[in-house]
Amino acid sequence: MIDLNNSMRVVDMGTGAGLMAIWLTQMGHDVTALDLSKRMIDLAERNARELGLSIDYRIMDAQNPELPEASYDLVVARSVLWCLEDPVGAYERWLKLLKPGGHMAILDGNYYLDLFDEDYRRRKQYLDLKNGVDNNLHAKTNVGGVDLNIIRKLAYELPLTRERRPTWDVSTLLGLGMTDIHVLSLDSYSYSVLTENGFMKLPSNFIISAQKPYDDASPYDQEICRKPIDDSMLEKVARRVENVGTGGLQTLKAMADAKRMEIIIALMSGRMSVSQISVTVGASSSLVSHNLKIMKEAGIVESTKEGKEVKYSLVNPYVIRSILEMCNRIEGVS
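When you read off a place in the sequence shown, starting at 1, and then add 21, the result is the number in the numbering used here.
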């Protein structure tokens, strides 16, 4: 995770009233805070002034920040990414701002996912019955009688209100080459649904931290640059794998493809949907689906249904990793 004890150069994306920027400044960090709204920046500056703090507030689009690249130790964003029209592009641009070894800290949630996801729709209905329709955060902090249905209509058009997070974030950050990714739930209560594999928690609020590699080649890049397993390598590995029958050889042959190798490495981070794998490996959904079918027949991956979504995972990650390590050793000897 991130060590906040050492002084850092920080960018606070979508600072709003400046609360995150104020907290980080009080901890001794050099903070630049952005918001597209002049009204919010004025309020944030007033809050900082009242506390005697010096914070570099700027009226600027957090989605396209005009800041020097490779100049910051930490990028933070609280309840911002979900409402952006181009969240993948935002992640890409925020990554460029970080120094090698710098971190991102994203505090966000599955806001308005109930518009599209049946499990989250049931979750909302349960909480409305338990706490009351007007007992959520938006209702409690509503100033001026804003019609919250307007926000729901706006949210309907946003890309991240259709994605289960933080799974989407993890796969996207992996695809961008980020490392040392950690996720922590910020929910004060848990809500679970019963799947064919048992109970599964539905996260609402969470924090994700991720690190920019110290060099251009991340561990993910190094893995996916691995050559596909050719025929000679298949033969050598087959001789070394104990009890490698027809099924075992089929597994090895299924790995003899560059794109399938990328998918395998992506799935080492955990279960993913076809769309999440597509983002991670940079391939079309149809190509990913085709390769997943081959790997499923070979016993490399398995699928489980989570609500309306199908997730894929490695049947035995240990065996796959052992085969990859064996290939490395054979290449080293050759």
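For glycine and all other residues, C-beta sits at the position ideal for the given N, C-alpha and C.
Collapsing the DSSP output to three states places SER334 in a strand. Selection TYR141, LYS222, PRO187 evaluated against GLN297 yields PRO187 as nearest (Cα-Cα).
DSSP places ASN170 in no beta strand (DSSP E) but in the uninterrupted alpha helix (DSSP H) bounded by 169-176. Looking at the DSSP output, PHE227 sits in a beta bridge with ASP129, SER206.
Comparing alpha-carbon positions, the option among ILE284, SER306, GLU323, ALA38 lying closest to ILE62 turns out to be ALA38. Spanning the alpha carbons of ARG142 and SER75 requires a straight line of approximately 43 Å. With contacts defined by Cβ atoms closer than 8 Å, SER100 and LEU128 form a contacting pair. One thing to note: LEU116 has its Cβ no nearer than 8 Å to the Cβ of ALA83. Around the beta carbon of LYS332, 16 or more other beta carbons lie within 10 angstroms, which makes this residue buried. The Cβ atoms of LEU55 and MET34 lie closer than 8 Å to each other.
Boundaries for ASP33: no alpha helix (DSSP H) harbours it, while the beta strand (DSSP E) harbouring it runs 30-34, taken from the DSSP string. Relative to the Cα of ASP51, the nearest Cα in the group LEU72, PRO121, GLU66, MET29 belongs to MET29. DSSP lists LYS332 as the bridge partner or partners of THR325.
With at least 16 other beta carbons inside 10 angstroms of its own, LYS233 counts as buried. Under the three-pair Cβ rule at 8 Å, the region 202-220 counts as touching the region 316-326. With distances taken between CA atoms, ILE229 lies nearest to THR200 out of THR200, ASP236, ASN26. Burial state of HIS203 is exposed, judged by a 10 Å Cβ sphere holding fewer than 16 other Cβ atoms. By the 16-neighbour rule on beta-carbons within 10 angstroms, GLU184 is buried. When the Cα atoms are used, HIS311 and GLN271 turn out to be separated by approximately 16 Å. When rounded, the separation of the alpha-carbon atoms in ARG79 and LYS59 is 9 Å. The beta carbon of ASN131 lies closer than 6 Å to those of ARG186, SER225 in the same chain, with the five residues before and after it left out.
Taking 8 Å as the upper bound for CB-CB distance, GLY123 and ASP94 are in contact here, some 5 Å apart. Within the DSSP secondary-structure output, GLY219 pairs in a beta bridge with THR216. The three-state secondary structure of MET316, taken from DSSP, is helix. Annotation for PRO108: LEU102, PRO180, LEU181 place their beta carbon closer than 7 Å to its own, counting only its chain and skipping 5 residues before and after. Inclusion of ALA231 and LEU194 in the CB contact set at 8 Å is warranted, their separation being smaller than that value. Cβ contact annotation for VAL96 (same chain, cutoff 7 Å, sequence separation greater than five): VAL32, MET34, TRP115, LEU118, LEU119, MET125, in chain order.
Distance between ARG292 and ALA111, taken at the CA atoms: about 24 Å. Counted as a single uninterrupted DSSP element, the beta strand (DSSP E) harbouring ASP94 occupies residues 93-99. Annotated three-state conformation of TYR112 is helix, per DSSP.
Of the other Cβ atoms in all chains shown, fewer than 16 fall within 10 Å of the Cβ of MET48; this residue is therefore exposed.
Cβ atoms of MET316 and ALA275 come within 8 Å of each other, at about 5 Å. Per the C-alpha coordinates, the member of GLU318, LEU40, ASN337 positioned closest to ALA98 is LEU40. In this chain, the alpha helix (DSSP H) harbouring THR188 covers 188-196. One alpha carbon belongs to ILE321, the other to LEU223, and they sit about 27 Å apart.
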